[in-house]
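To start, the structure under review is shown below, and the notes come after it.
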Amino acid sequence: MDYTQILTQIHHDIRPLLGKGRVADYIPELGKVSPHHFGMALVTPDGQTWSVGDAAVPFSIQSISKLFACTLAFGLLGEDLWRRVGREPSGNAFNSLVQLEYEQGVPRNPFINAGALVVTDVLCSRFVQAEAAVVQFLRRVSGNMAIDYDVAVAESERQHADRNRAMAYFMKSFGRIDMPVEAVVNAYCRQCAIAMTCEDLARAALFLANGGVVPWSGERVLDPSPTKRLSALMLTCGTYDEAGDFVYRVGLPAKSGVGGGIVAVLPGECAVCVWSPALDHSGNSLAGVQALEWLTTLSGHSIF
Ligand code: GLN
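In the UniProt record's numbering, the protein residues as written are 1 to 304.
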C-alpha cells in the first residue's frame with residue numbers, strides 16, 4: 001500500500017477544511033489552540049511509520065484517554081467491568097446526564113463521560129494515582145517515556161468540571177462510584193490532559209491492530225478476545241452520538257477526543273491517528289473525520 005502518496009494527497013486536499021468547525025473552548029486552555037493544525041500518522045506492526053503535517057506536535061488527548069483507561073480496567077476486571085458500565089451506544093452527547101436517571105446510574109458505555117468516570121473510579125480503587133497508571137501504560141505501549149499530562153490543561157479542566165462532578169455525584173447516589181468523587185474527577189481531568197502526538201497515539205493503539213500484543217516489545221496487553229471486544233466498542237461507541245455516521249463514512253473502529261484527535265485501527269494492518277482541533281457539532285474533529293474517510297476510500301481498506 002502506498003501510504004506516502006495517500007497521506008500526501010489527504011494533507012493537500014484537507015486544506016480548505018482547516019479552521020472549519022469550532023475548537024473546544026469549554027475547557028479554556030483548549031480554546032487557545034490554533035484551529036489550523038493538521039497532522040496524521042499511520043503505523044504498521046512491522047515498525048513502519050508514515051506521517052504528514054503536525055504529526056509530531058503534542059496535543060491534548062482528552063477522551064482518547066478513555067480508550068486506554070478502559071483497556072487497563074478491562075484487563076483488571078475482565079467481564080466483571082460490564083456490571084458497572086454498559087456496552088451500548090448512548091445516542092446522546094458525550095457529556096449528557098439524561099439517561100443516567102432512568103438507567104439507575106449505570107452509564108451506557110465506557111467512552112461517554114459518565115462511563116469513563118466509572119472506569120476511572122475502578123482505577124482509583126486499584127492504584128494510588130489512577131492518572132499515573134494511565135500515563136505509565138501509555139509510555140509503555142507507545143515507547144515514549146516522556147509522555148505526561150499537561151498541568152495547565154488539567155487545572156483548567158478541573159475548574160470547569162462541574163458537569164462531570166454532577167454526573168459523578170449522581171452516580172454515587174445510586175451506589176455506582178466507590179471512591180470520593182473529588183478524587184475520581186481530579187484523576188479523570190489529569191488523564192484527559194495527557195499530551196501526545198499523532199505518532200505516539202498511533203503507536204500506542206497498535207496493540208489493538210495486533211491481537212493485543214505491542215509489536216516491538218512483545219508485551220501482551222490484552223488477550224485476542226478482549227482486544228476484539230474493545231475494538232467492537234470503539235466501532236459502536238467511540239465517536240459519541242456520531243458513531244453511526246462515522247462508521248458509514250470511515251469504516252474503522254475509532255476513539256475521538258475534544259482536543260481534536262481521533263485514533264483508529266484496522267485489525268491486522270495498521271493504527272492511525274489524525275489531529276485537527278476544530279470540531280463538528282458532535283465534538284469530533286471535522287477535518288479529522290474527513291481525512292479518515294479519504295484514507296479508507298483511497299486505500300480501499302476498512303473493516304468492511
Ligand atoms: N475532558 C473532556 C470532558 O470531560 C473530555 C471530553 C471529550 O473529549 N469528549 O468534557
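Each residue gets a CB set at the ideal place from its N, CA and C atoms; glycine is no exception.
Legend entry - Pairwise C-alpha distance: histidine 36 and serine 276: Along the sequence shown, read from residue 1 onward, the residue named residue 276 stands at position 276. Along the sequence shown, read from residue 1 onward, the residue named residue 36 stands at position 36. For the pair serine 276 and histidine 36, the Cα-to-Cα distance works out to about 7 Å.
Inset, instruction - Go ahead and pull the three-state DSSP assignment for threonine 49. - result: Taking the first residue of the sequence shown as 1, we reach residue 49 at position 49. Assigned with DSSP and collapsed to three states, threonine 49 falls in strand.
Legend entry - Helix, strand or coil at lysine 255 [DSSP, three-state]: Locating residue 255 in the sequence shown gives position 255, counting from the first residue. In this structure, DSSP gives lysine 255 an extended state, which the three-state scheme calls strand.
Inset, instruction - Please work out which residues of its chain come closer than 7 Å, Cβ to Cβ, to alanine 168, disregarding the five sequence neighbours upstream and downstream, and give them in chain order. - result: Here the question's residue 168 lines up with position 168 in the sequence shown. Here the set comprises Leu117, Ile177, Val181, Val184, Val185.
Legend entry - lysine 172 versus lysine 66: straight-line alpha-carbon distance, rounded: For the purposes of this step, residue 172 is taken as the residue at position 172 of the sequence shown. For the purposes of this step, residue 66 is taken as the residue at position 66 of the sequence shown. Here the alpha carbon of lysine 172 sits roughly 20 Å from the alpha carbon of lysine 66.
Inset, instruction - Return yes when the C-beta of serine 90 is under 7 Å from any heavy atom of the ligand GLN, and no when it is not. - result: Translated into positions along the sequence shown, residue 90 becomes position 90. Placement of the Cβ of serine 90 at a distance of 7 Å or more from every heavy atom of the ligand GLN is found.
Legend entry - N-terminal and C-terminal residue of the beta strand (DSSP E) that methionine 179 is part of: Indexing the sequence shown from 1 puts residue 179 at position 179. That residue, methionine 179, is in no beta strand (DSSP E); it is neither H nor E in DSSP.
Legend entry - 8 Å Cβ shell around glutamine 129 - same chain, five flanking residues per side excluded: In the sequence shown, residue 129 corresponds to position 129, counting from 1. For glutamine 129, the CB contacts under 8 Å within the same chain, skipping 5 residues up- and downstream, are Ala187 in chain order.
Legend entry - Residue-level contact to chain D via CB, leucine 117, 8 Å cutoff: No chain D is part of this structure, which consists of one protein chain only.
Inset, instruction - Compare the beta carbon distance of glycine 260 and glycine 288 with 8 Å and say whether it is the shorter of the two. - result: On the sequence shown, residue 260 is found 260 positions in, with the first residue counted as 1. On the sequence shown, residue 288 is found 288 positions in, with the first residue counted as 1. Contact: yes.
Legend entry - Rounded distance between the beta-carbons of glutamate 199 and alanine 41, thought under 8 Å: On the sequence shown, position 41 is the one that residue 41 refers to. On the sequence shown, position 199 is the one that residue 199 refers to. Indeed, because the Cβ distance is near 4 Å, the residues count as touching under 8 Å.
Inset, instruction - With hydrogens ignored, establish whether the beta-carbon of cysteine 273 is closer than 7 Å to any heavy atom of the ligand GLN. - result: As a working note, residue 273 is residue 273 in the sequence shown. No, since every heavy atom of the ligand GLN falls outside the 7 Å radius drawn around the Cβ of cysteine 273.
Legend entry - Given 8 Å, three or more beta-carbon pairs between the stretch 204–213 and the stretch 248–265: Judged by pairs of C-beta atoms under 8 Å, the stretch 204–213 touches the stretch 248–265, as three or more such pairs exist.
Inset, instruction - Compare the Cα-Cα distances from valine 151 to each of Phe137, Asp54, Asp280, Phe59 and report the closest residue. - result: Taking the first residue of the sequence shown as 1, we reach residue 151 at position 151. Answer by Cα proximity: Phe59.
Inset, instruction - Less than 8 Å between the CB atoms is what I'm expecting for leucine 201 and glycine 212, so what's the real figure, rounded? - result: Translated into the one-based positions of the sequence shown, residue 201 becomes position 201. Translated into the one-based positions of the sequence shown, residue 212 becomes position 212. The pair is not a contact, with the Cβ atoms about 18 Å apart (cut-off 8 Å).
Inset, instruction - Report yes or no: do the stretch 152–159 and the stretch 97–113 share at least 3 C-beta pairs separated by less than 8 Å? - result: At 8 Å Cβ cutoff, the stretches do not touch.
Legend entry - Nearest-angstrom beta carbon gap, phenylalanine 94 and lysine 255 [assumed within contact, 8 Å]: For this step, residue 255 is matched to residue 255 along the sequence shown. For this step, residue 94 is matched to residue 94 along the sequence shown. Wrong, their Cβ atoms sit about 11 Å apart, outside the cutoff.
Legend entry - Near the ligand GLN: glutamine 159 beta-carbon under 7 Å from a heavy atom: The count along the sequence shown starts at 1 and reaches residue 159 at position 159. Checking every heavy atom of the ligand GLN against the Cβ of glutamine 159, none is found closer than 7 Å.
Legend entry - Coarse secondary structure for alanine 209, derived from DSSP in three states: Here residue 209 corresponds to residue number 209 of the sequence shown, with the count starting at 1. It is helical.
Inset, instruction - State yes or no: is the C-beta of glycine 143 within less than 8 Å of the C-beta of tryptophan 216? - result: As a working mapping, residue 143 is identified with position 143 in the sequence shown. As a working mapping, residue 216 is identified with position 216 in the sequence shown. Contact annotation: glycine 143 and tryptophan 216 have beta-carbon atoms nearer than 8 Å.
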